[in-house]
Each structure stands twice: as C-alpha cells, then as structure tokens.
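Everything in the sequence shown is counted per this note's numbering, starting at 4 for the first residue and increasing by one.
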Amino acid sequence: MSQEDSMTPVRLNIYNVNRLLTLVLLILTIGTAIYILKLCYTYELSSLRIALTGRSNQCSDQDDSTKINSPPTILLSDTKYKSVKHYHSRTLQFSKEFHCGKLFEADEMEQERAMLFTKLHQNQFQTLAESIVPSMLSDCPAFKEIRGYRLDSGQQEEEEFPLAYIILVHRDFEHLERLLRALYRPQHTFCIHVDAKASEHLKKAVSLLVGCFKNMALASEAHTIIYAHISRLAADITCMKDLLELDSKWKYVINYAATEFPLRTNLETVKILKSLNGKNDIHESYKARIKDRFKSEYSVINGKMTASKVTMAPPPYNLTITKGQAYNSFTREFVEWVLTEQIPRDFFTWSEKTYSPDEHYWGTLNNLYHNQFLNTPGGFQGEPDKKGYITKFISWQYRNARHKCQGQIIHSICVFSSLDLPTIMVQMHLAANKFDLTYDPIAYACIEELHTNKTLANVPLNRAFYKNLHFVKYTVGHK
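This is the structure we're talking about:
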C-alpha cells in the first residue's frame with residue numbers, strides 16, 4: 004500500500020470531524036437565534052437589553068413623556084438643569100421598561116419578567132446620591148417645574164380643605180422627594196423630621212428641598228430614632244407642635260414614613276376625610292394588645308429596647324391600654340387636645356418606659372369605649388375591635404396573615420414587590436406601607452404611575468364605602 008493510500012482514511016476522518024463541527028456550530032447558531040427571538044417576543048426590547056447586559060441607558064431628555072412646558076423665564080435646555088432632568092428621567096425608567104397595567108392585572112408573563120429582572124439585579128438598585136442634590140436644587144422654580152410638582156390648588160373642594168403632613172425620613176432622599184411630589188399641594192402644610200443619626204449629606208439635601216417651599220418646614224427638634232422607643236412617637240408630636248404654629252387652617256394631619264406611598268389622589272383623600280365627619284381614623288384593638296410591652300420598665304441598652312426586672316407602674320388615670328398603629332389620620336382638634344391637656348402629657352411620660360409606645364399611645368387616647376372620661380375630640384365610643392381603619396394598608400406577616408407577602412419581610416411587615424401590586428390596588432386605604440427603591444423599584448414606579456394617572460383622569464371615588472364605615476356611622480347605643 005502506498006503512503007498516499009494510507010493517508011486517505013485520516014483525511015476522511017478530518018473531513019468528517021470538520022463537517023460535524025460545522026453542523027454543531029450551525030445548530031448552536033440556530034438555537035441561539037431562536038432563543039433570542041423567543042426573548043424578543045416575551046420581553047420588550049428595551050427590557051431585554053437590561054436583562055442581558057445589566058445596564059440601561061437613561062431615558063433621553065427629548066422623550067415625549069418628559070417634555071416640560073416651562074414658563075419663558077426658565078430655559079430648561081440650559082446645561083445647568085441636566086442633573087435634574089437626568090434624575091426625573093430616571094424616576095420614569097421602570098414604569099417604561101415594564102407594563103404596570105399588566106402587573107396590576109397579575110399577568111403571569113409580565114410578572115415573570117419583573118421577577119427575573121429583580122433577581123438578576125438583587126442588591127444592586129441604588130437611589131439618588133444625596134451629594135448631587137445641592138446642584139439639582141440650585142434653582143428651586145426649575146426643579147419644581149421639571150419634576151412636575153402640582154403648584155395649583157386643584158378643585159375648589161381641595162382648596163377649601165387643606166391638610167397637614169408629617170414625614171419621617173432616616174435614609175434615601177429619593178424616597179422623600181418622590182413621596183412629597185405625590186402629596187404636594189400649595190394649600191397643605193408639611194413637617195419633615197430627619198433622624199438625628201442620619202448622614203450629613205441627607206440632612207443637607209432635605210434642608211435644601213424644604214427651603215424650596217414656603218409651606219414646608221424641618222422639625223424644630225431632631226430626635227435620634229430607636230426602634231420601639233419613645234423617640235418615634237416624640238418625632239410625630241414635635242411635628243404636630245410645629246404644624247399648629249405654621250398654619251391655622253389645616254383640617255387633618257396624616258403622618259407618613261418616607262417609605263410609604265399614597266393610594267388615593269389628593270381629591271380622593273379630601274373627600275374621604277370629609278366623609279369621616281370630624282372623627283379621627285386611629286387604629287384600635289383591645290384584644291390584640293400585648294401586655295408584655297408595659298408589664299416591665301424598658302430602657303435602651305446597646306441601641307435596643309430591653310426589658311428590666313422593674314415592674315411598670317399602672318397607667319395614669321387608670322387608662323385602659325389599647326393596641327393601635329403608629330400611622331393615623333388626626334383631626335386638628337385632636338392634635339390641639341393632645342398637646343394642651345394634662346392627661347395626654349402624663350400618659351406620654353408614662354409611655355417613655357414602655358415598648359413601642361407609638362403602637363398604643365394613639366389607640367388608647369382615641370378609645371372612649373374603655374376610657375369614657377377622656378372626652379377625646381373625634382374619639383370612638385364603640386368597641387375598639389369593631390372600629391375599622393383606612394389610613395394605611397400594612398401587610399403584617401404574622402401567623403395566618405390576611406395577605407401573603409410576595410416581597411421581603413422586615414419586622415413582620417411586608418416590603419412590597421411587583422407581585423404584590425394586584426393586592427395593593429384593590430385596597431381602600433389612603434396609603435400603603437411599605438416600599439423600598441433599593442429592593443424593588445418596579446413596584447414603587449408602578450404605584451407612582453397609578454397615582455399620577457388617577458390624578459390626571461380624576462377617577463370617581465366610591466364615597467359611600469367611607470361614609471358607611473362603622474366608626475363613621477356609629478352612635479351611642481348602636482351595636
């Protein structure tokens with residue numbers, strides 16, 4: 004056999020291997036193309052880019068949805084407004100990348116897309132850096148114009164029913180600013196409390212923001228907030244004092260954490276509060292009260308509330324302690340009563356040594372069923388556990404929770420994800436607690452978009468629901 008003949012099988016083998024490799028490469032190419040086409044069908048292209056690269060180009064300043072109708076004195080094309088426009092565009096990013104309507108309708112494909120995105124970017128979401136806020140707020144009128152603050156009073160009904168708001172913030176300027184933008188009307192009054200232990204950058208940023216508005220003020224005293232400590236309640240009371248001094252016209256005050264967001268528009272909120280006929284919406288539950296919280300004296304040890312072996316003295320005036328919530332809707336008359344009468348003052352002093360007094364102080368003072376002698380303005384005379392409560396939707400995650408949390412749970416409270424949106428949407432409360440832009444910015448963006456759309460569309464309100472609330476209709480002797 005010649006040497007050439009002996010090489011023929013080797014050449015054939017190499018040829019076959021090359022053909023096989025070419026075929027495999029072709030199959031892989033076709034498979035990849037099909038996979039990408041499927042992704043394109045399943046995902047919007049802009050979101051596909053983010054899912055595959057982990058990066059997103061910021062929305063263009065020329066996008067139709069971010070165009071600003073500015074007064075002639077403000078040339079928003081100037082480069083000095085670039086940081087504000089960039090921030091404004093970024094706040095709209097996720098409501099553009101994802102279909103909020105489908106998420107509210109529990110569309111499985113859109114939910115899967117949102118879940119994939121948040122999973123891929125877990126612990127990577129960032130909020131606005133406070134260090135750039137000074138440049139953004141160098142021109143207050145331009146900032147308000149670009150961000151779309153409502154500088155009109157709205158309808159006559161809104162103008163004639165001014166409100167007050169307390170907002171507590173300890174981190175993330177962006178949470179506060181976006182909440183303020185949703186709540187803001189020129190007839191309202193705002194008190195902002197910044198935790199004394201917050202960063203200096205945050206304190207400066209909030210101070211500059213507050214300085215842009217005549218109807219807004221920083222709390223006259225900054226408290227160092229400790230979880231379950233009286234400091235949380237003290238911050239609200241400080242702001243209540245400030246609000247009474249700032250304005251004499253507001254009808255109700257609602258206290259917020261910066262991580263909450265309204266579910267009702269301003270007009271809806273006004274209509275709802277007017278429907279309460281001068282009653283406070285303060286959460287009350289006698290059966291759920293936790294006696295261990297006021298059996299022993301508590302104090303702060305190593306930054307945490309810790310029970311001692313010292314037995315608590317009985318509540319002053321033999322008050323019956325009632326479980327409640329920290330967040331409520333208070334009438335002006337109630338606030339004046341709390342700040343001027345001796346009983347609320349003495350009760351506050353007694354509560355300083357209890358655990359989480361913000362969750363029993365308000366409920367106890369509003370409970371006229373067990374504490375009839377109080378004569379609390381706007382108080383409830385019926386059984387506390389039948390009262391009802393519509394100020395905040397908080398998804399508590401105890402055993403047998405009413406709503407299963409699809410997000411993460413912190414201190415037994417659900418931090419909402421985009422999968423919680425269908426549950427949130429059907430709630431009748433004024434606001435929801437809580438959201439976290441660093442955990443799921445999609446959920447936040449969609450709630451924000453819903454609020455904006457409802458404000459613009461002036462969606463009719465089911466006012467009968469609120470007029471027929473048990474504590475609104477209740478009269479003495481009614482079961």
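C-beta atoms are modelled at their ideal positions from N, C-alpha and C, and glycine is treated no differently. A quick note: this is a predicted structure, and the numbers were derived from the prediction, not measured.
Extent of the continuous beta strand (DSSP E) run through residue i
| i | result |
| --- | --- |
| residue 442 | That residue, residue 442, is in no beta strand (DSSP E); it is neither H nor E in DSSP. |
| residue 220 | 219-221 |
| residue 312 | 307-314 |
| residue 417 | 416-418 |
| residue 411 | 411-413 |
| residue 333 | 332-334 |
| residue 171 | 166-172 |
| residue 257 | 255-260 |
| residue 145 | That residue, residue 145, is in no beta strand (DSSP E); its alpha helix (DSSP H) goes 143-150. |
Outcome for residue i when other beta-carbon atoms lying within 10 angstroms are tallied against a minimum of 16
| i | result |
| --- | --- |
| residue 474 | buried |
| residue 53 | Its pLDDT being 34, under 50, residue 53 is placed unreliably by the model, and the measurement read from it follows with that caveat. Classification of residue 53: buried, given that the 10 Å Cβ count is 16 or more. |
| residue 155 | exposed |
| residue 137 | exposed |
| residue 286 | buried |
| residue 327 | buried |
| residue 410 | buried |
| residue 342 | exposed |
| residue 214 | exposed |
| residue 301 | buried |
| residue 113 | buried |
| residue 60 | With a pLDDT of 37 at residue 60, under the threshold of 50, the predicted position of this residue should be treated as unreliable, and no value is reported. |
| residue 490 | Given that the chain is displayed from residue 4 to residue 482, the structure contains no residue 490 and the question cannot be resolved. |
| residue 160 | exposed |
| residue 2 | There is simply no residue 2 to check, as the chain begins at 4 and stops at 482 in what is shown. |
| residue 379 | buried |
| residue 414 | exposed |
| residue 442 | buried |
| residue 374 | buried |
| residue 87 | buried |
| residue 317 | exposed |
| residue 402 | exposed |
Opening and closing residue of the alpha helix (DSSP H) in which residue i lies
| i | result |
| --- | --- |
| residue 297 | Counting along the chain, residue 297 falls outside any alpha helix (DSSP H), and DSSP gives it neither H nor E. |
| residue 119 | 111-123 |
| residue 274 | 269-278 |
| residue 512 | Residue 512 is absent from the model: the chain starts at 4 and stops at 482. |
| residue 196 | Where residue 196 is concerned, there is no enclosing alpha helix (DSSP H), although the beta strand (DSSP E) it sits in stretches over 192-197. |
| residue 467 | 466-470 |
| residue 90 | 85-94 |
| residue 434 | Counting along the chain, residue 434 falls outside any alpha helix (DSSP H), though it belongs to the beta strand (DSSP E) covering 434-436. |
| residue 177 | 176-186 |
| residue 463 | Where residue 463 is concerned, there is no enclosing alpha helix (DSSP H), given that its DSSP letter is neither H nor E. |
| residue 326 | Unbroken run through residue 326: none, as it is neither H nor E. |
Nearest-angstrom Cβ-Cβ length linking residue i and residue j, presumed shorter than 8 Å
| i | j | result |
| --- | --- | --- |
| residue 165 | residue 434 | Residue 165 to residue 434, Cβ: 18 Å. No contact. |
| residue 397 | residue 412 | With 8 Å as the limit, residue 397 and residue 412 do not qualify as a contact, their Cβ atoms being about 12 Å apart. |
| residue 363 | residue 325 | 6 Å |
| residue 370 | residue 323 | 7 Å |
| residue 128 | residue 139 | Going by Cβ atoms, the distance from residue 128 to residue 139 rounds to 20 Å, so no, they are not a contact pair. |
Minimum Cβ-Cβ distance from residue i to chain B less than 8 Å
| i | result |
| --- | --- |
| residue 236 | Reference to chain B is not applicable here, since this structure consists of a single protein chain. |
Quick one: which unbroken alpha helix (DSSP H) runs of 4-plus residues sit fully inside the stretch 353-396? Chain order, please.
364-369
Say whether the stretch 96-103 touches the stretch 444-456, bearing in mind that this needs 3 or more beta-carbon pairs closer than 8 Å, one atom from each stretch.
yes
Is the stretch 380-393 in contact with the stretch 327-340, if contact means three or more CB pairs nearer than 8 Å?
Put simply, the stretch 380-393 touches the stretch 327-340. At least three CB pairs are less than 8 Å apart.
Do the stretch 259-275 and the stretch 458-473 make contact, defined as three or more Cβ pairs closer than 8 Å?
yes
So, do the stretch 276-283 and the stretch 199-206 have three or more beta carbon pairs nearer to each other than 8 Å?
no
Could you tell me whether the stretch 291-305 touches the stretch 336-351, where touching means 3 or more Cβ pairs closer than 8 Å?
Segments in contact, no.
Quick one: any contact between the stretch 218-226 and the stretch 187-194, if contact means 3 or more CB pairs under 8 Å?
yes
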